[in-house]
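Asker: Have a look at the structure that comes next, please.
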Amino acid sequence: FLQDLPSYQSARRRRGAAGGGTQERRTTPQLLVGPPGAEAWGPEKEGGEVAARPVRELPLSIADKRRFRAYQQAERKHVSGWKQWKRASSKSMKKVLSDVKEASSYLQLWRHDIHSIEGKFGTGIQSYFSFLRFLVLLNFIIFILMFSFVTLPSIVSKYGVFNSSFAKIPPKNIAPHCTVYKPSGNKGLVYFYTFFKDVLSGTGFLEVTSLFYGYYTIDAAWISTLRYNLPLAYLLATFAYLALSLFWLLKRSVEGFKQNLVHHEDQFQTYCNKVFAGWDFCITDLKAARLKHRSLQCELQVDLAEERLKQKIADRTVKEKIRIYSLRIFINIIVLAVLGGCFYSIYIATAYSQKNSNDGSIENIQANLLVQYLPSIVITLANFVAPQIFSVLIKVEDYSPAFEIKLTLLRCVFVRLANIVVLLFTLWSQISYCNTEECKACGYNYKLYPCWESEVGQEMYKLMIFDFITIIAVTLFLDFPRMLLVTHCSCKPVQWCGLPEFGISDNVLEIIYGQTICWIGTFFSPLLPAIATVKYIIIFYVKKISLIHTRKPAARPVRASSANFFFLVVLLMGLTLALISLGISIAQIPSSKACGPFRNFNTSWAVIPDTVDEFPAGLRGFITGIVSEDFAAPLFLVLCIVMSYVIALAGAHKRVVEQLKEQLVLEGRDKMFLIRKITEAQKH
1 FLQDLPSYQS
11 ARRRRGAAGG
21 GTQERRTTPQ
31 LLVGPPGAEA
41 WGPEKEGGEV
51 AARPVRELPL
61 SIADKRRFRA
71 YQQAERKHVS
81 GWKQWKRASS
91 KSMKKVLSDV
101 KEASSYLQLW
111 RHDIHSIEGK
121 FGTGIQSYFS
131 FLRFLVLLNF
141 IIFILMFSFV
151 TLPSIVSKYG
161 VFNSSFAKIP
171 PKNIAPHCTV
181 YKPSGNKGLV
191 YFYTFFKDVL
201 SGTGFLEVTS
211 LFYGYYTIDA
221 AWISTLRYNL
231 PLAYLLATFA
241 YLALSLFWLL
251 KRSVEGFKQN
261 LVHHEDQFQT
271 YCNKVFAGWD
281 FCITDLKAAR
291 LKHRSLQCEL
301 QVDLAEERLK
311 QKIADRTVKE
321 KIRIYSLRIF
331 INIIVLAVLG
341 GCFYSIYIAT
351 AYSQKNSNDG
361 SIENIQANLL
371 VQYLPSIVIT
381 LANFVAPQIF
391 SVLIKVEDYS
401 PAFEIKLTLL
411 RCVFVRLANI
421 VVLLFTLWSQ
431 ISYCNTEECK
441 ACGYNYKLYP
451 CWESEVGQEM
461 YKLMIFDFIT
471 IIAVTLFLDF
481 PRMLLVTHCS
491 CKPVQWCGLP
501 EFGISDNVLE
511 IIYGQTICWI
521 GTFFSPLLPA
531 IATVKYIIIF
541 YVKKISLIHT
551 RKPAARPVRA
561 SSANFFFLVV
571 LLMGLTLALI
581 SLGISIAQIP
591 SSKACGPFRN
601 FNTSWAVIPD
611 TVDEFPAGLR
621 GFITGIVSED
631 FAAPLFLVLC
641 IVMSYVIALA
651 GAHKRVVEQL
661 KEQLVLEGRD
671 KMFLIRKITE
681 AQKH
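For the sequence shown, position 54 (counting from the first letter as 1) is numbered 54 according to the UniProt record's numbering, and the numbering increases by one without interruption.
Here's what the structure looks like:
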């Protein structure tokens with residue numbers, strides 16, 4: 001009778017095709033003849049111990065769970081006291097960890113708000129607000145890191161707190177004219193418009209505060225008898241916040257990749273998970289139940305929309321394919337033209353600003369201010385106009401909702417990140433331009449940029465402030481008036497325009513752009529993460545109010561798993577740009593000789609070998625050996641071997657997963673076969 005089962009017939013066909021493999025002989029009979037619950041009981045009996053996994057989590061029927069619990073209780077009589085204590089301790093520890101995890105979830109930032117958004121607008125929009133929460137926490141931790149190891153020791157030593165002091169080492173072998181730096185700090189009573197201008201631009205009184213690089217001029221801080229090397233701490237704190245951001249992003253990206261892989265593995269499986277296992281039976285509140293119901297409904301709408309689009313793509317004729325591909329090529333040409341126009345405008349504006357911002361011929365304060373801020377204004381306008389054009393063009397290209405967001409994000413990210421590259425390239429070219437012997441003695445343009453790090457920090461500060469002002473202004477002066485017109489005006493043109501959709505790609509792009517500026521600017525302005533944290537907190541509530549009152553959900557819903565993963569990938573691109581930019585600034589461009597903690601070094605990186613030279617001979621030789629080529633070549637070889645092993649192991653696990661899926665399918669066929677046989681026997 002067992003030979004008539006579909007699984008046995010399929011196994012015979014596979015063995016015949018493979019020449020009588022042994023793996024199918026081992027796996028298939030175990031599947032067929034195993035008693036109920038054997039898969040769950042087997043490991044415990046073979047190991048001689050009962051697993052610590054709770055009985056309620058085992059994939060067994062109620063009767064099998066009762067028998068298994070009876071088996072556990074009978075086995076406890078024959079177990080030693082040490083094993084009983086170890087099991088009880090393990091069970092208690094797991095319970096404590098579970099309770100702590102559950103309690104910490106209630107302390108999560110904006111937990112109720114994000115759940116409410118998920119229930120009303122779907123998981124796609126919820127992913128944006130979760131992403132915003134992640135950046136708030138990341139920037140807050142970066143601020144704590146920079147403040148604790150850079151700002152706080154400087155302030156404590158300068159004001160003599162805890163019997164502390166500071167030391168300044170005069171520059172050696174440096175031309176005297178390179179050490180002249182007279183910041184434009186305001187003294188005495190100032191006009192309000194001057195104060196307002198300083199707040200917007202980071203000049204004046206802000207230039208001499210701990211917000212910018214030029215404030216940290218001490219070489220060592222003494223707290224009692226302990227010496228604190230501030231230049232080394234400044235550089236290591238920079239490496240620390242970049243490494244923290246990288247590892248945290250990679251960790252979240254791996255988690256998002258797993259979820260994305262599961263969702264794209266089998267579409268039918270996702271339907272079953274949502275329909276049969278998607279409900280949370282711990283929900284007792286009516287409002288929470290409605291939110292969960294709406295969330296599941298939105299996820300099913302996403303699945304159905306993707307299935308309809310796949311069917312539409314499959315039914316396209318050759319003529320329709322030619323038309324859509326020709327249209328996409330034409331639109332991409334328009335996109336390239338828009339990108340070229342943005343880059344050229346930023347280049348012209350930056351060159352004009354650098355040439356005329358310090359020109360005394362411009363006597364009007366407002367005109368001089370406009371020329372000084374011209375690059376930030378042009379970049380902000382380009383960042384605002386280009387995504388609007390891309391969002392209109394992408395609707396004509398007829399992509400899926402998920403791919404539509406990805407392509408729009410890539411185009412807009414390229415615009416924004418390239419804008420930052422153009423600005424930095426222009427600044428670096430101006431900083432490094434030297435045409436006199438006095439300038440070459442300093443290594444940089446000391447006349448125009450006596451403290452060039454603070455100048456770059458001010459540019460990053462202005463970009464962040466203007467970006468924040470733009471986001472608030474669009475919400476207040478565009479979205480709310482449009483909402484009032486649509487609500488209170490019955491004109492057909494107004495009603496035809498309606499409320500704008502909440503564009504996930506545009507909103508994510510705004511915060512990715514701001515975060516890239518924060519990563520780059522933190523080295524030049526150590527307190528910039530604090531400003532970014534406050535900025536993102538305000539943006540969260542502004543976007544939430546805008547979503548509820550002035551926007552409508554997208555007509556084509558988006559899956560949260562793919563969106564979260566892609567958001568993090570794009571953010572990694574911004575972090576890569578920050579790493580490259582800071583690497584050039586630290587290792588290649590000569591540091592300012594008139595300000596900052598690295599004024600006694602040729603570059604900021606020079607503090608590392610200088611510190612290593614102070615180590616004992618044995619430790620110095622060990623570090624030199626680690627960074628040498630003799631150590632790097634074997635290390636690279638070992639890493640290649642480990643990577644090959646991991647790839648082979650992943651392939652083996654993938655094959656095992658495929659075999660287990662085949663066994664599940666065969667098990668389902670066996671059940672249907674047995675049900676059909678039983679039905680036929682009952683009829684006879």
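All residues carry an ideal CB built from backbone N, CA and C; glycine is no exception. The structure displayed is predicted, hence computed values, not measured ones.
Please check the pair residue 506 and residue 387, which I expect to be a contact at CB under 8 Å, by giving their CB distance rounded to whole angstroms.
Answerer: Walking along the sequence shown from the start, residue 506 turns up at place 506. Walking along the sequence shown from the start, residue 387 turns up at place 387. Contact holds; Cβ gap of about 5 Å.
Asker: Locate the alpha helix (DSSP H) running through residue 551, then write down its first and last residues.
Answerer: The residue you call residue 551 lines up with position 551 of the sequence shown. Where residue 551 is concerned, there is no enclosing alpha helix (DSSP H), given that its DSSP letter is neither H nor E.
Asker: So what does DSSP say about residue 221, is it helix, strand or coil?
Answerer: Indexing the sequence shown from 1 puts residue 221 at position 221. Three-state result, residue 221: strand.
Asker: Just to check, is the beta-carbon of residue 136 closer than 7 Å to a non-hydrogen atom of the ligand ATP?
Answerer: In terms of ligand content, the structure shown is empty, and the ligand ATP therefore cannot be addressed.
Asker: On the DSSP letters alone, give me the boundaries of the beta strand (DSSP E) that residue 227 sits inside.
Answerer: Working through the sequence shown from its first residue, we reach residue 227 at position 227. First-last of the beta strand (DSSP E) with residue 227: 226-229.
Asker: Helix, strand or coil: how does DSSP classify residue 501 here?
Answerer: Position 501 of the sequence shown, counting from 1, holds the residue named residue 501. Three-state DSSP puts residue 501 in a strand.
Asker: Three-state secondary structure (DSSP) at residue 174?
Answerer: The residue labelled residue 174 in the question sits at position 174 within the sequence shown. If DSSP states are grouped into helix, strand and coil, residue 174 belongs with coil.
Asker: Quick check: residue 456 and residue 427, are their CB atoms within less than 8 Å of each other?
Answerer: For this step, residue 456 is matched to residue 456 along the sequence shown. For this step, residue 427 is matched to residue 427 along the sequence shown. Result yes, Cβ atoms of residue 456 and residue 427 sit closer than 8 Å.
Asker: Do residue 379 and residue 516 have their CB atoms nearer than 8 Å?
Answerer: Numbered from its first residue, the sequence shown carries residue 379 at position 379. Numbered from its first residue, the sequence shown carries residue 516 at position 516. Cβ distance not < 8 Å, so residue 379 and residue 516 don't count as in contact.
Asker: To the nearest angstrom, how far is the alpha carbon of residue 335 from that of residue 237?
Answerer: Here residue 335 is taken as the residue at index 335 of the sequence shown, counted from 1. Here residue 237 is taken as the residue at index 237 of the sequence shown, counted from 1. In a straight line, the C-alpha of residue 335 is about 40 Å away from that of residue 237.
Asker: Going by the beta-carbon positions, is the gap between residue 232 and residue 219 smaller than 8 Å?
Answerer: If you number the sequence shown from 1, residue 232 lands on position 232. If you number the sequence shown from 1, residue 219 lands on position 219. Contact: no.
Asker: Within its chain, find whatever has a CB closer than 7 Å to the CB of residue 686; leave out the 5 residues flanking it on each side and keep chain order.
Answerer: An answer regarding residue 686 cannot be provided, because it is not within the stretch 1 to 684 covered by the chain.
Asker: Is DSSP giving residue 23 helix, strand or coil here?
Answerer: Residue 23 sits at position 23 when you count from the first residue of the sequence shown. Caution applies to residue 23, whose pLDDT of 43 falls short of 50 and renders its modelled position unreliable; the value that the coordinates give is listed next. Note: residue 23 maps to helix in three-state DSSP.
Asker: Among 278, 209, 250 and 149, which one has its Cα closest to the Cα of residue 228?
Answerer: To locate residue 228, count along the sequence shown from 1; it is residue 228. Per the Cα distances, 149.
Asker: To the nearest angstrom, report how far apart residue 303 and residue 323 are at their CA atoms.
Answerer: For the purposes of this step, residue 303 is taken as residue 303 along the sequence shown, with counting starting at 1. For the purposes of this step, residue 323 is taken as residue 323 along the sequence shown, with counting starting at 1. Using only the alpha carbons, I get a separation of about 27 Å.
Asker: Do you know whose CA, among 289, 592, 495 and 406, lies nearest residue 217's CA?
Answerer: Here residue 217 corresponds to residue number 217 of the sequence shown, with the count starting at 1. Among 289, 592, 495 and 406, the Cα nearest to that of residue 217 belongs to 592.
Asker: Mapping DSSP to helix, strand and coil, what is residue 594?
Answerer: As a position in the sequence shown, residue 594 is number 594, starting the count at 1. Coil at residue 594, not helix or strand.
Asker: Could you give the distance in angstroms between the alpha-carbon of residue 382 and the alpha-carbon of residue 465?
Answerer: By 1-based counting over the sequence shown, the position of residue 382 is 382. By 1-based counting over the sequence shown, the position of residue 465 is 465. Roughly 16 Å between the two C-alpha positions.
Asker: Determine the closest residue to residue 241 out of 518, 603 and 651, with distance taken between C-alpha atoms.
Answerer: For this step, residue 241 is matched to residue 241 along the sequence shown. Checking every option, the nearest Cα to that of residue 241 belongs to 518.
Asker: Would you mind reading off the limits of the alpha helix (DSSP H) that contains residue 683?
Answerer: Here residue 683 refers to the residue found at position 683 of the sequence shown. 629-683 is the span of the alpha helix (DSSP H), which, as asked, contains residue 683.
Asker: Report buried or exposed for residue 467, applying the criterion of at least 16 other Cβ atoms within 10 angstroms of its Cβ.
Answerer: One-based indexing of the sequence shown puts residue 467 at position 467. Buried, because 16 or more other Cβ atoms sit within 10 Å of the Cβ of residue 467.
Asker: DSSP three-state call for residue 446: helix, strand or coil?
Answerer: As a working note, residue 446 is residue 446 in the sequence shown. It is coil, neither helix nor strand.
Asker: Please report how far the alpha carbon of residue 672 lies from the alpha carbon of residue 666, in whole angstroms.
Answerer: Indexing the sequence shown from 1 puts residue 672 at position 672. Indexing the sequence shown from 1 puts residue 666 at position 666. Approximately 10 Å, taken between the alpha carbons.
Asker: Suppose you measure from the CA of residue 669 to the CA of residue 658; what does that come to, to the nearest Å?
Answerer: Residue mapping note: residue 669 aligns to position 669 of the sequence shown, counting from 1. Residue mapping note: residue 658 aligns to position 658 of the sequence shown, counting from 1. Cα to Cα, the separation comes out at about 17 Å.
Asker: Return the CA-CA distance between residue 647 and residue 254, expressed in angstroms with no decimal places.
Answerer: One-based indexing of the sequence shown puts residue 647 at position 647. One-based indexing of the sequence shown puts residue 254 at position 254. Their Cα atoms are separated by approximately 16 Å.
Asker: Can you grab the Cα-Cα spacing for the pair residue 723 / residue 652, in whole Å?
Answerer: Nothing can be reported for residue 723, as the shown portion of the chain is limited to 1 through 684.
Asker: CB residue 350 to CB residue 375, shorter than 8 Å?
Answerer: Taking the first residue of the sequence shown as position 1, residue 350 is located at position 350. Taking the first residue of the sequence shown as position 1, residue 375 is located at position 375. Against a cut-off of 8 Å, the Cβ pair of residue 375 and residue 350 comes out as a contact.
Asker: Alpha carbon to alpha carbon, what distance is there between residue 343 and residue 182?
Answerer: Start at 1 with the first residue of the sequence shown, and residue 182 comes out as number 182. Start at 1 with the first residue of the sequence shown, and residue 343 comes out as number 343. Approximately 34 Å between the Cα atoms of the pair.
Asker: What three-state label does DSSP hand residue 274 in the structure shown?
Answerer: Numbered from 1 along the sequence shown, position 274 holds the residue referred to as residue 274. Residue 274: helix per DSSP, three-state reduction.
Asker: Alpha carbon to alpha carbon, how far is residue 403 from residue 396? Give it in angstroms, no decimals.
Answerer: Within the sequence shown, residue 396 is the residue found at index 396, counting from 1. Within the sequence shown, residue 403 is the residue found at index 403, counting from 1. About 13 Å.
Asker: Okay, do the region 526-533 and the region 139-149 touch, 3+ Cβ pairs below 8 Å being the bar?
Answerer: Yes: at least three Cβ pairs fall under 8 Å.
Asker: Please list, in chain order, all residues of the same chain as residue 121 whose beta carbon is under 8 Å from its beta carbon, the five residues on each side excluded.
Answerer: For the purposes of this step, residue 121 is taken as the residue at position 121 of the sequence shown. Only 298, 502, 547 and 553 meet the Cβ criterion.
Asker: Which first and last residues belong to the alpha helix (DSSP H) in which residue 599 is found?
Answerer: Within the sequence shown, numbered from 1, the residue matching residue 599 stands at position 599. Careful: residue 599 lies outside any alpha helix (DSSP H) and carries neither H nor E.
Asker: Under the three-state reduction of DSSP, which class applies to residue 616: helix, strand or coil?
Answerer: Counted from its first residue, the sequence shown places residue 616 at position 616. Coil.
Asker: Mark residue 146 as exposed unless 16 or more other C-beta atoms lie within 10 angstroms of its C-beta, in which case mark it buried.
Answerer: Numbered from 1 along the sequence shown, position 146 holds the residue referred to as residue 146. When all chains shown are included, residue 146 counts as buried.
Asker: Start and end of the alpha helix (DSSP H) containing residue 316?
Answerer: Counting from one through the sequence shown, the residue named residue 316 turns up at place 316. Taken as a continuous stretch (DSSP letters only), residue 316 belongs to no alpha helix (DSSP H), as it is neither H nor E.
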